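Mapping to this note's numbering: the sequence shown position 119 is 119, numbers consecutive.
These notes concern the structure reproduced below.
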Amino acid sequence: MSGQSAQAPWSFLGPNNDGGAAPPGPEVPALPVIKDITVSPDKIVAVADVIEEQARALERKITEHIGALSVPPPADDIVSQESADVWNTVISGGEDSYRNRVLAYVRGLQNLADQLRAAGRRYASDDEDNAAAIRDAGGR
Numbered sequence: 001m002s003g004q005s006a007q008a009p010w011s012f013l014g015p016n017n018d019g020g021a022a023p024p025g026p027e028v029p030a031l032p033v034i035k036d037i038t039v040s041p042d043k044i045v046a047v048a049d050v051i052e053e054q055a056r057a058l059e060r061k062i063t064e065h066i067g068a069l070s071v072p073p074p075a076d077d078i079v080s081q082e083s084a085d086v087w088n089t090v091i092s093g094g095e096d097s098y099r100n101r102v103l104a105y106v107r108g109l110q111n112l113a114d115q116l117r118a119a120g121r122r123y124a125s126d127d128e129d130n131a132a133a134i135r136d137a138g139g140r
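Below, the structure written as structure tokens:
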């Protein structure tokens, strides 16, 4: 040996850690506390309106500008023609085209807006039912 003491493989844990008790670990965060959430049905409908408005705007943009992304073949050779055809298919013509992906995203946003409106109606109905139950219980 060269006079140096061999270090244990766990020496990276810090000085004077000779394999005894493990050093204290990081503090574990506390679990979040469950709280009541107040849901305002009219706010849910307002969010649905914003989402639907943005979906319509996106659909208008893609419809207006998709033609500008199509390219004619730059020359009459086979490579130019095939390249342009493939590009146009990827952008707007194929089943899995970018245009169809964006339109599927728009449909998803519209579905989300519909789901939010339905949730707003359910919350409003539940609120009315709960209020009626409280009135009935208080009247006895």
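Backbone N, C-alpha and C define an ideal beta-carbon position, used for all residues, glycine too.
Quick caveat: nothing in here was measured; it's all calculated off a predicted structure.
- Rounded separation between ILE26 and VAL39 - CA only: With the sequence shown as reference, residue 26 is identified as Pro, and Ile is not the correct amino acid for it. In a straight line, the C-alpha of PRO26 is about 37 Å away from that of VAL39.
- Message: Tell me the residue span of the alpha helix (DSSP H) that contains LYS159.
- Response: Any question about residue 159 goes unanswered here, given that the chain covers just 1 to 140.
- Item | Alpha carbon of ILE91 to alpha carbon of LEU112, nearest angstrom | 26 Å
- Item | MET1, buried or exposed, once every other Cβ within 10 Å from all chains shown has been counted against 16 | Note that MET1 scores 49 on pLDDT, short of 50, meaning its location in the model is unreliable and no value can be drawn from it.
- In terms of alpha-carbon separation, which member of LEU103, LYS35, LEU116 lies closest to ARG56? LEU103
- Query: With a Cβ-Cβ cutoff of 7 Å, do ILE44 and LEU109 count as a contact?
  - Reply: no
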